[in-house]
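Asks: By my numbering, the letter at position 205 of the sequence shown is numbered 277, and the numbering carries on one by one without gaps. All residues carry an ideal CB built from backbone N, CA and C; glycine is no exception. Predicted, not measured: the structure shown is a model, and the values here were computed from it. One structure, as structure tokens, below. Some questions next.
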Amino acid sequence: MHEPSGAIRGYDVNTGALRWIFDTGAEDPNAWPGEGQTLVNNSPNAWAPLAYDAKSDMVYIPTGNPTPDIWGGNRTPVMERYASAIVALNASTGKLAWSFQTTHHDLWDMDVPSQPTLAQVKTEAGEVPAVYVPTKAGNLFVLDRRDGKPVVPITEMPVPAGEAAPGDRVSPTQPRSALNLTSIQTLADKDMWGATMFDQMMCRVIFKRLSYNGQYTPPSEKGTLVFPGNLGVFEWGGISVNSDRQVALMNPMALPFVSKLIPRGPNNPLWPKEGLTGAGTGTEMGIQPQYGVPYGVEINAFLSPLGLPCKEPAWGYVAGVDMKSHEVVWRKRIGTIRDSLQGIQLPPLKIGVPMLGGPISTAGNLMFIAGTQDNYIRAYNVTNGDLLWQARLPAGGQATPMTYEANGKQYLVIMAGGHGSFGTKMGDYLIAYALPK
73 MHEPSGAIRG YDVNTGALRW IFDTGAEDPN AWPGEGQTLV NNSPNAWAPL
123 AYDAKSDMVY IPTGNPTPDI WGGNRTPVME RYASAIVALN ASTGKLAWSF
173 QTTHHDLWDM DVPSQPTLAQ VKTEAGEVPA VYVPTKAGNL FVLDRRDGKP
223 VVPITEMPVP AGEAAPGDRV SPTQPRSALN LTSIQTLADK DMWGATMFDQ
273 MMCRVIFKRL SYNGQYTPPS EKGTLVFPGN LGVFEWGGIS VNSDRQVALM
323 NPMALPFVSK LIPRGPNNPL WPKEGLTGAG TGTEMGIQPQ YGVPYGVEIN
373 AFLSPLGLPC KEPAWGYVAG VDMKSHEVVW RKRIGTIRDS LQGIQLPPLK
423 IGVPMLGGPI STAGNLMFIA GTQDNYIRAY NVTNGDLLWQ ARLPAGGQAT
473 PMTYEANGKQ YLVIMAGGHG SFGTKMGDYL IAYALPK
């Protein structure tokens, strides 16, 4: 409750002087704080990169939630106005052009996790300057970047009835894009999976005990199944638009999580106490104190006793979307569980695993991607999704690759550093590959 403001700031590139402020939680977002005043605490921030359109002098800002993520009983309409949204500002003045909220009263951390992607989209009415907005909830919103109007239809859908925790509320509807990459809309016990009959049975038992009415079931003290989970269908790696072939490339995931609210008590105080241990994990999973509100929360992936996801595979894909029809033209599983189970040897089946890190694509009809829980970097055919090449990395490749040309030769570079919360092997490797002529 005492987090710094998420205000967006514009600076003069020549002098470094502050030119404007857009405080997402303020009544007047452009107002400069007066003497003795501060920016609004806990206002939604932009934790993913911004996108800039030099032709129109517009900047597109993906926003998160007001702090904390998994409780909203104290949020005001002003505080939530620009939360979990795409906000378009005039880059020279910071004045609002338009905004679109991707999740209403977000209680699941279903925000906009990656940089928006700008592209020219061909429609029946002609070419439209569009912005692609991937969200954790699985929606890929395609908006006219001049005014925020949908290029792909958006519907306000009723969401499953569920009682919020005392003091909180739920939104009766949520926006849904006609372009949605969620693999399954609602999980059932038949979707539970295990590497053995034992852990499959345990997954089904745990599934039955959790609160779950479908996507957007509110968090609870009982424990709520969150699907898509907190990693999201899309994550901070974003998508790649191949304008040469009019294909948008992405790596959607399907990994359920469990959120369990923890009421305040002796070991879970409203505010931190000196000397108290075990109050939080310091990572993105486990116990999150959420100081200042009635509940802490415990967040974990929904895993079997063997440490594999309880939902049947696949858990990770690569996919291509036709930018003219906005249809998914191919979807392929990516990755194996080779590096997921310590001490257990399983064949490297192409099962489809979670990722952190996005794709890039080139004019040579290639898409490159690492990011998977197994330590590989791979190349795919942009047109049909065929796997063309893969190479073993010395650590987790939780990053988006980059490519460059030098002296007429093309190179591919990946930072293989691993990821602590994601559980991949840690390292400090910068690896470059040369493409054949």
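Can you check which of these residues, K396, G436 and T475, is closest to L540 by C-alpha distance?
Replies: Beyond the ends of the chain as shown, which are 73 and 509, falls residue 540; an answer cannot be given.
Asks: Which term fits T87, buried or exposed, when burial requires 16 or more other beta carbons within 10 angstroms of its beta carbon?
Replies: On the sequence shown, position 15 is the one that residue 87 refers to. Counting Cβ neighbours within 10 Å, T87 comes out exposed, since fewer than 16 surround it.
Asks: Can you check the stretch 121-157 for any beta strand (DSSP E) of at least 3 residues that lies completely inside it and give the ranges in chain order?
Replies: List check, beta strand (DSSP E) in window: 123-125 and 130-134.
Asks: Grab the span of the beta strand (DSSP E) containing F440 for me, first residue to last.
Replies: The residue given as residue 440 occupies position 368 in the sequence shown. Here the beta strand (DSSP E) through F440 covers L438 to I441.
Asks: Please report the straight-line C-alpha distance between I256 and P361, rounded to a whole angstrom.
Replies: Indexing the sequence shown from 1 puts residue 256 at position 184. Indexing the sequence shown from 1 puts residue 361 at position 289. Cα to Cα, the separation comes out at about 31 Å.
Asks: Here's the rule: buried if 16 or more other CB atoms are within 10 angstroms of the residue's CB, otherwise exposed. What is R217?
Replies: Locating residue 217 in the sequence shown gives position 145, counting from the first residue. Buried is the call here.
Asks: Determine the burial state of N376: buried for a count of at least 16 other Cβ atoms within 10 Å of its Cβ, exposed for fewer.
Replies: Counting from 1 along the sequence shown, the entry for residue 376 is found at position 304. For the sequence presented, residue 376 should be read as Ser rather than Asn. It counts as buried.
Asks: Would you tell me roughly how many angstroms separate the C-alpha atoms of T245 and Y288, rounded to the nearest one?
Replies: Here residue 245 corresponds to residue number 173 of the sequence shown, with the count starting at 1. Here residue 288 corresponds to residue number 216 of the sequence shown, with the count starting at 1. Cα-Cα distance, rounded: 9 Å.
Asks: Residues in the same chain with beta-carbon distance under 7 Å from H491, minus the five sequence neighbours each way, listed in chain order, please.
Replies: Taking the first residue of the sequence shown as position 1, residue 491 is located at position 419. Excluding positions up to five away in sequence, the list reads L428, G468 and Q470.
Asks: Using only the heavy atoms of the ligand FAD, determine whether one of them is closer than 6 Å to the beta carbon of S331.
Replies: You won't find the ligand FAD in this model; it holds no ligand whatsoever.
Asks: Report the CB separation of A103 from T135 in whole angstroms; it is logged as a contact under 8 Å.
Replies: To locate residue 103, count along the sequence shown from 1; it is residue 31. To locate residue 135, count along the sequence shown from 1; it is residue 63. About 18 Å separates the two Cβ atoms, so there is no contact after all.
Asks: Would you mind reading off the limits of the alpha helix (DSSP H) that contains K280?
Replies: For the purposes of this step, residue 280 is identified with residue 208 of the sequence shown, where counting begins at 1. It spans M269 to R281 - the alpha helix (DSSP H) in which K280 sits, taken as one unbroken run.
Asks: Suppose contacts are defined by Cβ-Cβ distances below 7 Å. Is I133 in contact with I80 by that definition?
Replies: Along the sequence shown, read from residue 1 onward, the residue named residue 133 stands at position 61. Along the sequence shown, read from residue 1 onward, the residue named residue 80 stands at position 8. Yes, these two residues count as a Cβ contact at 7 Å.
Asks: My assumption, with CB atoms under 8 Å, is that A386 sits in contact with A442. Please give the rounded CB distance.
Replies: Residue numbering aside, residue 386 sits at position 314 when the sequence shown is read from its first letter. Residue numbering aside, residue 442 sits at position 370 when the sequence shown is read from its first letter. In fact, because the Cβ distance is near 18 Å, the residues do not count as touching under 8 Å.
Asks: Below 7 Å between beta carbons: does that hold for R91 and G78?
Replies: For this step, residue 91 is matched to residue 19 along the sequence shown. For this step, residue 78 is matched to residue 6 along the sequence shown. Not in contact: R91 and G78 (Cβ atoms no closer than 7 Å).
Asks: Just verifying my parser: in three-state terms, what is the DSSP assignment at K208?
Replies: Taking the first residue of the sequence shown as position 1, residue 208 is located at position 136. Looking at K208 - three-state DSSP - the assignment turns out to be coil, as it is neither helix nor strand.
Asks: Indicate whether S433 and S315 have their beta-carbon atoms separated by less than 7 Å.
Replies: Position 361 of the sequence shown, counted from the start, is the residue given in the question as residue 433. Position 243 of the sequence shown, counted from the start, is the residue given in the question as residue 315. For S433 and S315, no; Cβs fall outside 7 Å.
Asks: Output the distance between the C-alpha atoms of I486 and E107, rounded to the nearest integer angstrom.
Replies: What you label residue 486 is simply residue 414 of the sequence shown in a count that begins at 1. What you label residue 107 is simply residue 35 of the sequence shown in a count that begins at 1. When rounded, the distance between both Cα atoms is 47 Å.
Asks: Looking only at its own chain, which residues have a Cβ that is under 6 Å from the Cβ of E235, when we skip the five neighbours before and after it?
Replies: Counting from 1 along the sequence shown, the entry for residue 235 is found at position 163. Same-chain partners within the cutoff: there are none.
Asks: Taking all protein chains shown into account, do 16 or more other C-beta atoms lie within 10 angstroms of the C-beta of L321, making it buried, or fewer, making it exposed?
Replies: Here residue 321 refers to the residue found at position 249 of the sequence shown. L321 comes out buried.
Asks: One question on the structure: do V200 and V214 come within less than 7 Å of each other, judged by their Cβ atoms?
Replies: Locating residue 200 in the sequence shown gives position 128, counting from the first residue. Locating residue 214 in the sequence shown gives position 142, counting from the first residue. No, they are not a contact pair.
Asks: Give me the residue from P335, L251, N252 and C275 with the minimum Cα distance to K262.
Replies: Position 190 of the sequence shown holds residue 262. K262 has its Cα closest to that of C275, out of P335, L251, N252 and C275.
Asks: Using 8 Å as the cut-off, can you tell me whether the stretch 277-285 makes contact with the stretch 170-189, which would need three or more C-beta pairs spanning the two stretches below that distance?
Replies: No, the stretch 277-285 is not in contact with the stretch 170-189.
Asks: Measure the C-alpha to C-alpha separation of N339 and N162 and round it to an integer number of angstroms.
Replies: Stepping through the sequence shown from its first residue, residue 339 is reached at position 267. Stepping through the sequence shown from its first residue, residue 162 is reached at position 90. Going by the C-alpha atoms only, they are around 47 Å apart.
Asks: With C-beta atoms as the reference, is V330 less than 7 Å away from N372?
Replies: Position 258 of the sequence shown holds residue 330. Position 300 of the sequence shown holds residue 372. A contact, by the Cβ cut-off of 7 Å.
Asks: Expressed to the nearest angstrom, what Euclidean distance is found between the alpha-carbon atoms of Q192 and G310?
Replies: Here residue 192 is taken as the residue at index 120 of the sequence shown, counted from 1. Here residue 310 is taken as the residue at index 238 of the sequence shown, counted from 1. Going by the C-alpha atoms only, they are around 17 Å apart.
Asks: Going straight from the alpha carbon of Q482 to that of K509, what length do you get?
Replies: To locate residue 482, count along the sequence shown from 1; it is residue 410. To locate residue 509, count along the sequence shown from 1; it is residue 437. If I take the Cα positions, the gap works out to 8 Å.
Asks: Measure from the alpha carbon of P232 to the alpha carbon of each residue in A504, K404, I406 and V298, then state which is nearest.
Replies: Reading the sequence shown from its first residue, position 160 is the one you call residue 232. Of the listed residues, the one whose Cα sits closest to P232 is V298.
Asks: What did DSSP end up calling K383 once you bin it into helix, strand or coil?
Replies: Along the sequence shown, read from residue 1 onward, the residue named residue 383 stands at position 311. Looking at K383 - three-state DSSP - the assignment turns out to be strand.
Asks: Which class does D261 belong to by DSSP, given the choice of helix, strand or coil?
Replies: Your numbering for residue 261 matches position 189 in the sequence shown. Correct three-state label for D261: helix.
Asks: Per DSSP, which residues does Q246 bridge with? Please list them.
Replies: Sequence index remark: in the sequence shown, residue 246 carries index 174 (1-based). BP columns for Q246 point to M229.
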